[in-house]
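Structure record follows, encoded as structure tokens.
2 protein chains.
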Amino acid sequence: MRGSLGYCEFVTDTPSKPWTMQQIAAAAGVSVTTVSHTLSGKRPVNPATAERIQKLIAEFEYVPDSGAQRLKSGRSGMIGLAVPDISHWYFGRIARGVEEVADELDYGLIICSTSNSDPRREKRYFNLLRTRSIEGLIYTASREISASDELVRVSGSSPIVFADERVDALPDVPSVTSSNFVGAQVLGRHLRDLGHTRAVIIAGFAGLHSTIERTKAIKESFPNALTLHGDFELKSGYDLVSDLLAHEVRFTALFGCNDYMAIGAMTRLREAGLRVPEDVSVVGFDDVDMAAIVTPGLTTVRQDMAEIGRRSAHLLIAGLHAGGFDAVESESLPTELILRGSTGPAPQ
Amino acid sequence: MRGSLGYCEFVTDTPSKPWTMQQIAAAAGVSVTTVSHTLSGKRPVNPATAERIQKLIAEFEYVPDSGAQRLKSGRSGMIGLAVPDISHWYFGRIARGVEEVADELDYGLIICSTSNSDPRREKRYFNLLRTRSIEGLIYTASREISASDELVRVSGSSPIVFADERVDALPDVPSVTSSNFVGAQVLGRHLRDLGHTRAVIIAGFAGLHSTIERTKAIKESFPNALTLHGDFELKSGYDLVSDLLAHEVRFTALFGCNDYMAIGAMTRLREAGLRVPEDVSVVGFDDVDMAAIVTPGLTTVRQDMAEIGRRSAHLLIAGLHAGGFDAVESESLPTELILRGSTGPAPQ
DNA sequence: TTTCGGTCGCAACTCGTTTTGCAAAATGCG
DNA sequence: CGCATTTTGCAAAACGAGTTGCGACCGAAA
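Written out as structure tokens, the structure reads:
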């Protein structure tokens, strides 16, 4: 059949319906119980019959129907990961880490882009929890915590872990984040040590925990730093620097709340004839792959996103097995200063 | 309970077990049939009772158990997407497109990284098809088509669509790809028109359809182009150029089979004191976001990855509904030449 | 009042697997 | 050889929703 022109059925050599345990049992001349026990090993089965059954299973390529197993066990064996946009490098790394652990611990993973907190989508994904399609959710907040009503309600009754971004309004939900404060503190001191005094901060969304922490840390070194808010995208760094230049704001150090905004800013600075780092030092946060490629290389703070994903998954699945979380289980991961060419001594 | 120290159960105000249709029916004083019909509308229900039931459903936040629905209907409402590595920009974009359409057409999406064709993982994901956890699979090939035995068998009996990479050994499986040949052809002509005569190709994995097509197209303009094979990563472009330099190979044009390798190559060229584009013109393929950021900007061919994802999803789901594919449904999407600063006239 | 067509609700079975109580067979030991 | 164990297998009841045949009830027409 295959290879002929026109319409092509899925099924050719294999039977259209998959085999049921019933049929295997019939073929082996035993009852379903025996087949089931052969597979699960929850009761001893005569080695001879067991072998005969195994052979038939292999021959028929029988696989138990996951729907039926789910119904019976009440467990779906799946967890969910909600990210603002899976196509971002940043969230892709988290996803990779989560997937790694989920796979290792025999859980399936459903990844959901919330399209930057599109409420309709978010509701759908929370529904995955309600319908028991997933047993738990790793939630990566994007902007401010929207849909909070929904989130609060869901977080009360279902296993949720926050990854990357803690939500202050929900202190009882475990979270895995980077040490935003310490990371930014190191950056601040680095630039202060280089003699800079006038700094500008291109911060992220105002409501985010990470933004707040990083800004606070930098202000420790630069109490008067001018703070603008962007949306974490390249363009936003670019545009905000345009604004600064239009107002002839004077500064020698620029903090991007993430690398993309820092790189966008750097691009705009160079377009305006300013040299990096001779005239302005620029730093970012994250250490995305692009940070090493741009010229000059971007001084930044490395976050281990994959590790955040891994730890979140471990936390969630541990909670699943235990039936609850210890309230104190939140973790914050160390960061690392990566020095590159975008920072230098303050100009005279 | 919440907020107290130590152990914290998931369930506080909400009952530990979700409501069943049974319980709703009992509360409303009717039978499950009535509740079911109220929801599905497959039979008329007294408006008064219907309203009472609806109210109870809303109050209890009842949602039908997806496992039970699956078992009964035989449909899981999920499709799978297998990509080599979800943390890559490239595959993230595809995933985004797939997700968009899946969401729109009311399918759930399970994303699986195959870790560059780790056979163990791949087997697991094919098993999702067998266990009916997913109804169909969008498969994005990574290196050569490994696990072909398994893939051939699965593709014969289950709905599969190839995205991004066609598999020549399985011509009957529908695919959605970019027009690799035409895209590369345009690049080749562009550089030939600039007067280049000595070109080097940094190709991808030798077994991939895209690599073959692109190489063939470039050789149309540069029949004697020296062809090396990399692994699509930055480092690989960098290292291969090191090799070229070590052998003092002379060339004025360099084709990267993807942007990352092209950018890696560009980096190495500059480190060797060669100017881009004055001494060597460099082109890539894909138009990743980084291509616009590096200096000089990378001339490349844009692929619409998200669209590839969208079309694949449409194709798969259409096939699911129809119960089979038309053999001729494969699509190839147009590409677009993006001119930036990395190409210029050949040096004298 | 009877009958008819239609509306609506109930009990009972189905999906495929897991798990139980129970009985039959096989084994051990005195 | 008989009794007490262990093995080993079967039938039946779950899990939660969807579906069907059937009968109860309604109002309206004869």
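So the protein lines, in turn, are chains D and P.
Here the first sequence is numbered in numbering that gives the first Met the number 0, starting from 0 and rising by one per residue.
Here the second sequence is numbered in numbering that gives the first Met the number 0, starting from 0 and rising by one per residue.
Virtual Cβ for every residue (Gly too), placed ideally from N, Cα, C.
If you're wondering where the values come from, they're calculated on a predicted model, not measured in any experiment.
**Request:** Name, please, each residue of chain D whose Cβ falls closer than 7 Å to the Cβ of P:Ala94.
**Result:** What P:Ala94 touches in chain D, judged by beta-carbon distance under 7 Å, is Ile85 and Ser86, going in chain order.
**Prompt:** Can you round the beta-carbon distance between D:Asp288 and D:Gln302 to whole angstroms, since I take them to be within the 8 Å contact cut?
**Reply:** Contact annotation, D:Asp288 with D:Gln302: C-beta distance approximately 13 Å; criterion of less than 8 Å not satisfied.
**Item:** Collapsed DSSP secondary structure at D:Val34 in the structure displayed
**Value:** In the three-state reduction of the DSSP assignment, D:Val34 falls in the helix class, which pools H, G and I.
**Item:** 9 Å Cβ cut-off: residues of chain D touching P:Ile109
**Value:** Neighbours of P:Ile109 on chain D, chain order: Met77, Gly107, Leu108, Ile109 and Ile110.
**Residues within the segment 268–295 of chain D neighbouring chain P, beta-carbon criterion of under 8 Å** = Contact residues of the segment 268–295 of chain D toward chain P are Asp288, Met289, Ile292, Val293 and Thr294 (C-beta to C-beta distance below 8 Å).
**Message:** Strictly under 9 Å for the Cβ-Cβ distance: is D:Ala67 near chain P by that measure?
**Reply:** At least one chain P Cβ lies under 9 Å of D:Ala67.
**Request:** Compute the distance between the beta-carbons of D:Ile201 and D:Gly255, then report whether it is under 9 Å.
**Result:** Taking 9 Å as the Cβ cut-off, D:Ile201 and D:Gly255 qualify as a contacting pair.
**Where D:Asn126 meets chain P, residues with beta-carbon distance less than 7 Å** = Within chain P, the C-beta atoms nearer than 7 Å to that of D:Asn126 come from Val62, in chain order.
**Request:** Please decide whether D:Cys7 counts as near chain P, where near means a Cβ-Cβ distance under 9 Å.
**Result:** For D:Cys7, the predicted structure reports a pLDDT of 44, less than 50, and the residue's modelled location is therefore unreliable. A value from the coordinates is still provided. At least one CB atom of chain P sits nearer than 9 Å to the CB of D:Cys7.
**Request:** Work out the CA separation of P:Glu232 and P:Arg249 for me, nearest whole Å.
**Result:** The alpha-carbon atoms of P:Arg249 and P:Glu232 are separated by roughly 23 Å.
**Request:** Run down chain P in chain order and give the residues with a C-beta less than 7 Å from the C-beta of D:Arg309.
**Result:** The contacting residues do not exist; D:Arg309 stays about 13 Å from chain P at best.
**Asked** Just to confirm, are P:Leu253 and P:Val282 a CB contact at a threshold of 9 Å?
**Response** Contact flag set, yes.
**Item:** C-beta neighbour in chain P for D:Glu98, strict 9 Å
**Value:** Interface residue, yes.
**Asked** Ordered along the chain, which non-local residues of its own chain (more than five positions away) have a Cβ less than 8 Å from that of D:Arg120?
**Response** The answer, listed in chain order, is Cys111, Ser112, Thr113 and Ser114.
**Asked** Can you name, in chain order, every residue of its own chain whose Cβ lies under 8 Å from the Cβ of P:Trp18, other than the five neighbours on each side?
**Response** A distance below 8 Å between beta-carbons, with the five flanking residues on each side excluded, links P:Trp18 to the following residues of its chain, in chain order: Phe59, Glu60 and Tyr61.
**Message:** So, with DSSP's three-state summary, where would you put P:Ser72?
**Reply:** Reduced to three states, the DSSP call for P:Ser72 is helix.
**Prompt:** Between P:Leu55 and the rest of its own chain, which residues show a CB-CB distance below 8 Å, the 5 nearest in sequence each way excluded?
**Reply:** Taken in chain order, the residues that qualify are Ile23, Ala26, Ala27 and Tyr61.
**Message:** Check whether chain D comes within 9 Å of P:Gly91, counting only Cβ atoms and requiring the distance to be less than that.
**Reply:** So yes, P:Gly91 belongs to the interface.
**Request:** Label D:Arg42 either buried or exposed according to how many other C-beta atoms from any shown protein chain fall within 10 Å of its C-beta, with 16 as the threshold for buried.
**Result:** By the 16-neighbour rule on beta-carbons within 10 angstroms, D:Arg42 is exposed.
**Any 3 or more C-beta pairs closer than 8 Å across the segment 30–50 of chain D and the segment 44–52 of chain P** = Flag = no, the segment 30–50 of chain D and the segment 44–52 of chain P do not touch.
**Message:** Check whether chain P comes within 9 Å of D:Ala146, counting only Cβ atoms and requiring the distance to be less than that.
**Reply:** Note on D:Ala146: pLDDT 49, under 50, position unreliable in the model; the coordinate value appears next. No, its Cβ sits nowhere closer than 9 Å to a Cβ of chain P.
**Request:** Just list the alpha helix (DSSP H) runs in the segment 15–65 of chain D, keeping only unbroken ones of 4 residues or longer that don't cross its boundaries, in chain order.
**Result:** Fully enclosed alpha helix (DSSP H) runs of 4 or longer: 20–27, 31–39 and 46–59.
**Asked** Between P:Gly206 and P:Arg142, what straight-line distance do the alpha-carbon atoms span, to the nearest angstrom?
**Response** Straight across, the Cα-Cα distance linking P:Gly206 with P:Arg142 is about 7 Å.
**Item:** Every unbroken beta strand (DSSP E) inside the segment 265–303 of chain P [3 residues or more]
**Value:** 280–282 and 299–301, all fully within the segment 265–303 of chain P.
**Request:** Pull up the CB-CB distance for P:Leu193 and P:Thr294, whole angstroms please, since I reckon it's below 8 Å.
**Result:** The pair is not a contact, with the Cβ atoms about 20 Å apart (cut-off 8 Å).
**Request:** List the DSSP bridge partners of D:Thr176.
**Result:** Assignment of beta-bridge partners to D:Thr176 by DSSP yields D:Ser331.
**Item:** Proximity winner among D:His208, D:Leu190, D:Met265 and D:Glu219, relative to D:Lys234 (alpha-carbon distances)
**Value:** If we check each option's Cα against that of D:Lys234, D:Met265 comes out closest.
**Message:** Only counting the same chain, and skipping five residues up and downstream in sequence, which positions put a Cβ closer than 8 Å to that of D:Leu314?
**Reply:** If we look at D:Leu314 and ignore the five residues flanking it on each side, its Cβ neighbours are Val160, Pro173, Val175, Phe324, Glu328 and Glu330.
**Prompt:** Which residues in the same chain have their Cβ closer than 6 Å to the Cβ of D:Thr298, if we skip the five residues on either side of it in sequence?
**Reply:** Only Val282, Leu338, Arg339, Ser341 and Thr342 meet the Cβ criterion.
**Asked** Can you round the beta-carbon distance between D:Ser178 and D:Pro333 to whole angstroms, since I take them to be within the 8 Å contact cut?
**Response** Taking 8 Å as the upper bound for CB-CB distance, D:Ser178 and D:Pro333 are in contact here, some 6 Å apart.
**Prompt:** Taking Cβ-Cβ distances below 7 Å as the criterion, which residues of the segment 129–161 of chain D are in contact with chain P?
**Reply:** Within the segment 129–161 of chain D, the residues whose Cβ lies closer than 7 Å to some Cβ of chain P are Arg129, Thr130, Arg131, Ser132, Gly155, Ser156, Ser157 and Pro158, listed in chain order.
**Message:** For a contact defined as C-beta to C-beta under 9 Å, what are the partners of P:Arg120 on chain D?
**Reply:** Chain-ordered, the chain D residues with CB closer than 9 Å to the CB of P:Arg120 read Asp102.
**DSSP three-state assignment for D:Thr189, whether helix, strand or coil** = The displayed chain sequence assigns His, not Thr, to residue 189 of chain D. Helix.
**Message:** Just verifying my parser: in three-state terms, what is the DSSP assignment at D:Arg161?
**Reply:** Correcting the residue type first, residue 161 of chain D is Phe in the shown sequence and not Arg. In this structure, D:Phe161 counts as strand in the three-state DSSP scheme.
**Message:** Pairs of beta-carbons, one from the segment 96–107 of chain D and one from the segment 304–312 of chain D, closer than 8 Å: are there three or more?
**Reply:** Contact check between the segment 96–107 of chain D and the segment 304–312 of chain D: three or more CB pairs, one atom from each, fall below 8 Å, which counts as touching.
**Request:** Run down chain P in chain order and give the residues with a C-beta less than 8 Å from the C-beta of D:Ile262.
**Result:** Near D:Ile262 (Cβ distances below 8 Å), the residues of chain P are Ile292.
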